[in-house]
Amino acid sequence: MRPWPEKARRRREGATMPRVDLTAKLARDSQPGPKDTILFDKALSGFGLRIHPSGRKVWIVQARIEGRSRRIVIARFGEMQLAEARRRARDMLDRIRKGGNPAEDIRREKETPSFRAFAGEYLRRSDPHWKPSGRESVRVYLKARILPAFGTMPLDRIGPEDVAAWFDAASKNKPGAANRALEILRAMMFR
Numbered sequence: 026m027r028p029w030p031e032k033a034r035r036r037r038e039g040a041t042m043p044r045v046d047l048t049a050k051l052a053r054d055s056q057p058g059p060k061d062t063i064l065f066d067k068a069l070s071g072f073g074l075r076i077h078p079s080g081r082k083v084w085i086v087q088a089r090i091e092g093r094s095r096r097i098v099i100a101r102f103g104e105m106q107l108a109e110a111r112r113r114a115r116d117m118l119d120r121i122r123k124g125g126n127p128a129e130d131i132r133r134e135k136e137t138p139s140f141r142a143f144a145g146e147y148l149r150r151s152d153p154h155w156k157p158s159g160r161e162s163v164r165v166y167l168k169a170r171i172l173p174a175f176g177t178m179p180l181d182r183i184g185p186e187d188v189a190a191w192f193d194a195a196s197k198n199k200p201g202a203a204n205r206a207l208e209i210l211r212a213m214m215f216r
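Heads up: the sequence shown begins at 26 in my numbering, then just goes up one per residue.
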């Protein structure tokens, strides 16, 4: 007899992975056990809530990608509601069915710098070329107008429609400041 069935049996006995009607109340009230527990959703195959012995909970998708079973973390339990996690899981499962790899997309997204990191690098490289007054002006507009809107966004996710929506909203209160902030943003993105 080969050794792998025994190892698989031991692994199965230690982990509990029931299929349940996953609700927000059940997710909130579920308690950790001595080992990882995964509550898989009956409504959406492959979607579940993983509960670590430490009490940490994460929304996951489990699917076969490139011939191997993979578990992909969608988000932490407190950071995302059940409906949003289920919607994201459905999107991920659709991508997987079409031959995509959401785990690779997530890794690539983590490698892409945020706009805040890009802005810091832009300032570091541009500072020596500016007068002190211009340097301070750019820093003020960045801090007050641009970073609150785009700071956490990955750089490759900022599109013309995002900039247009931000500019329209900013122009309603202070059109002159919005114009200057747009000039700075344009200079940052296209130089």
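Ideal Cβ positions, reconstructed from N, Cα and C, are used throughout, including at glycine.
Give me the Cα-Cα distance between residue i and residue j, rounded to the nearest whole angstrom.
i: phenylalanine 65; j: leucine 180; result: 34 Å
i: arginine 149; j: phenylalanine 143; result: 10 Å
i: arginine 44; j: isoleucine 99; result: 18 Å
i: glutamate 109; j: proline 173; result: 23 Å
i: proline 185; j: arginine 211; result: 11 Å
i: proline 28; j: methionine 214; result: Bear in mind that the predicted position of proline 28 carries a pLDDT of just 47, short of 50, making it unreliable; the figure below should be weighed with that in mind. Distance between the alpha carbons of proline 28 and methionine 214 is about 58 Å.
i: leucine 69; j: tryptophan 191; result: 36 Å
i: arginine 113; j: aspartate 187; result: 21 Å
i: arginine 111; j: serine 162; result: 44 Å
i: aspartate 193; j: serine 79; result: 46 Å
i: alanine 189; j: lysine 168; result: 19 Å
i: aspartate 152; j: aspartate 46; result: 57 Å
i: proline 200; j: arginine 115; result: 41 Å
i: arginine 35; j: proline 59; result: Unreliable positioning characterises arginine 35 in this predicted model, as indicated by a pLDDT of 49, which lies under 50. A coordinate reading is not provided.
i: aspartate 130; j: tryptophan 155; result: 38 Å
i: serine 158; j: arginine 95; result: 53 Å
i: glycine 125; j: glutamate 136; result: 18 Å
Taking residue i and residue j to be in contact with their CB atoms under 8 Å, please state how far apart those CB atoms are, rounded to whole angstroms.
i: arginine 75; j: lysine 82; result: 7 Å
i: proline 127; j: isoleucine 85; result: The Cβ separation is near 11 Å, so there is no contact.
i: leucine 118; j: glycine 71; result: 6 Å
If I measure Cβ to Cβ from residue i and keep anything under 7 Å in the same chain, skipping five residues before and after, which residues do I get?
i: glutamine 175; result: The question names glutamine, but residue 175 is phenylalanine in the sequence shown. Phe140, Ile183, listed in sequence order.
i: isoleucine 121; result: Ala88, Ile90, Pro127
i: arginine 170; result: Ala195, Ala202, Ala206
i: histidine 77; result: Pro57, Asp61
i: asparagine 204; result: none
i: arginine 160; result: Asp152
By alpha-carbon positions, which one of the options ends up nearest to residue i?
i: alanine 52; options: Gly73, Val163, Asp130; result: Gly73
i: threonine 177; options: Pro138, Arg211, Tyr147; result: Pro138
i: tyrosine 166; options: Ile209, Arg111, Gly125; result: Ile209
i: tyrosine 147; options: Arg164, Arg132, Ser158; result: Arg164
Ignore the nearest five residues each way along the sequence and tell me which others in residue i's own chain have a CB closer than 8 Å to its CB.
i: serine 55; result: Thr62, Leu64, Leu74, Ile76, Lys82
i: alanine 49; result: Gln106, Leu107
What does a CB cutoff of less than 6 Å around residue i pick up in its chain, not counting 5 residues either side in sequence?
i: phenylalanine 102; result: Lys82
i: arginine 93; result: none
i: glutamate 134; result: Pro179
i: lysine 197; result: none
i: arginine 132; result: none
Chain B beta carbons: is any one of them nearer than 7 Å to that of residue i?
i: arginine 101; result: Chain labels in this structure do not include chain B; a single protein chain is all it has.
Quiz item: In chain order, which continuous runs of the beta strand (DSSP E) of length 3 or greater are located wholly inside the region 74-108?
Solution: 82-90, 93-101
Self-check item: Ordered list of alpha helix (DSSP H) runs contained in the region 134-212, each at least 4 residues
Solution: 140-151, 157-166, 172-175, 185-198
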